[in-house]
Amino acid sequence: MSLQAILYQQIFHRDLHVPSTISHQTRYNIMRRNCSDRVCLFLSVLLLFYIGWYVLTSSNFTIRFRHDSAEELAYKNAIKMSSPMMENRQICSVDEINLVFLIISVRAHFLQRQSIRETWGSMSDVFGIHSQHLFVIGYQPGGNLYKELSNEAIHEQDLLYLTIDDHSVTLKELHAYRWLEQYCSTAVYIFKTEDDLFVNSILLHELVRELKTRPNDTKNRYLYNVSLDSLFNAQINSGTSEFLFGWSFIPGRPERTLTNSQYYVTYQEYPNELYPRYCSGLFFLYYYYCHVDI
Numbered sequence: 001m002s003l004q005a006i007l008y009q010q011i012f013h014r015d016l017h018v019p020s021t022i023s024h025q026t027r028y029n030i031m032r033r034n035c036s037d038r039v040c041l042f043l044s045v046l047l048l049f050y051i052g053w054y055v056l057t058s059s060n061f062t063i064r065f066r067h068d069s070a071e072e073l074a075y076k077n078a079i080k081m082s083s084p085m086m087e088n089r090q091i092c093s094v095d096e097i098n099l100v101f102l103i104i105s106v107r108a109h110f111l112q113r114q115s116i117r118e119t120w121g122s123m124s125d126v127f128g129i130h131s132q133h134l135f136v137i138g139y140q141p142g143g144n145l146y147k148e149l150s151n152e153a154i155h156e157q158d159l160l161y162l163t164i165d166d167h168s169v170t171l172k173e174l175h176a177y178r179w180l181e182q183y184c185s186t187a188v189y190i191f192k193t194e195d196d197l198f199v200n201s202i203l204l205h206e207l208v209r210e211l212k213t214r215p216n217d218t219k220n221r222y223l224y225n226v227s228l229d230s231l232f233n234a235q236i237n238s239g240t241s242e243f244l245f246g247w248s249f250i251p252g253r254p255e256r257t258l259t260n261s262q263y264y265v266t267y268q269e270y271p272n273e274l275y276p277r278y279c280s281g282l283f284f285l286y287y288y289y290c291h292v293d294i
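Heads up, the sequence shown is in the UniProt record's numbering, so the first residue is 1 and it goes up one at a time.
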């Protein structure tokens, strides 16, 4: 078998059944014709795939571009006006809001937000305590989510879409506090949490009711056989405006070694050897005016 035949067989994984009685020139012409046919077939298939892909995606390209352009325009207008991209300023229009669930979310977490609305976020009036929930998301270009987010904001009326980077959790939280101060000043307590947690909102409503009922009576206060003395003492000793209750972390050392870690902090950013005592960011309950100090 000639070298050309061997190469052809290796490339196309095809056995050549060329009679040994024909001439070398004829054998060469057969192989060349077969090779040309294979190349033409390959190019034809490739062209068909390209045409199919173009037809399927070209119609969607304009839609994606229009959605991205709409979001970009909304973002620029919000920056110019120093306002959120989406908000409901009437969310606390009720005379008295005892409790606001401030839920840090992400743009793409549609299912998480809907799950909360249909479960623990659906109970807004329990034990005489009226509550509202507010989802906080940030801006992130791309993703083709603007139309869905707009529909969600219009239908649910519980979305605060900030111009802050969606990954900057701390900044989203701080800007949400400022928004609450301006549009939700009737609130009494704020419960900050995240969209990947399940909250016993019924128990939390009852806990807020206890905090509002005889707040100066700190002895022998129980809820389901659990003492609330420490909670009331914390509220009285710290002062009502500074009350914050959550899962406390002991002072820890800042990360100084792993520069690639998200927890890495330089001495210029934080010069002390230990962090002060602080609450877990997953959830905490605080009196409304406490966020001014935060």
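Using N, Cα and C, we set each Cβ at its ideal position, and we do this for glycine too.
Keep in mind that this is a model prediction, so the values were computed, not measured.
Quick check: residue i and residue j, are their CB atoms within less than 8 Å of each other?
i: S131; j: L160; result: no
i: V169; j: W120; result: no
i: D95; j: H133; result: no
i: R107; j: Q140; result: yes
i: F245; j: L285; result: yes
Go ahead and pull the three-state DSSP assignment for residue i.
i: V188; result: strand
i: E255; result: strand
i: L180; result: helix
i: I202; result: helix
i: D165; result: strand
i: Y146; result: helix
i: V208; result: helix
i: F243; result: coil
i: residue 296; result: The structure shown does not extend to residue 296, since the chain is modelled only from 1 through 294, so no value can be given for it.
i: T193; result: strand
Quick one: is residue i buried, meaning 16 or more other Cβ sit within 10 Å of its Cβ, or exposed?
i: F249; result: exposed
i: V136; result: buried
i: V276; result: Looking at the sequence shown, residue 276 is not Val but Pro. By the neighbour-count rule (16 or more Cβ atoms within 10 Å), P276 is not buried but exposed.
i: C290; result: buried
i: L48; result: exposed
i: L102; result: buried
i: K147; result: exposed
In whole angstroms, give me the CA-to-CA distance for residue i and residue j.
i: Y224; j: S230; result: 15 Å
i: S83; j: N233; result: 39 Å
i: L145; j: D165; result: 15 Å
i: T193; j: A70; result: 30 Å
i: Y264; j: A176; result: 25 Å
i: G138; j: A78; result: 12 Å
Within 8 Å (strictly less), CB to CB, does residue i reach chain B?
i: R221; result: Checking the listed chains, one finds no chain B in this structure; it contains a single protein chain.
(Q) Suppose only complete runs of 4+ residues qualify. What are the alpha helix (DSSP H) ranges in the segment 79 to 143, listed by chain order? (A) List check, alpha helix (DSSP H) in window: 110 to 118.
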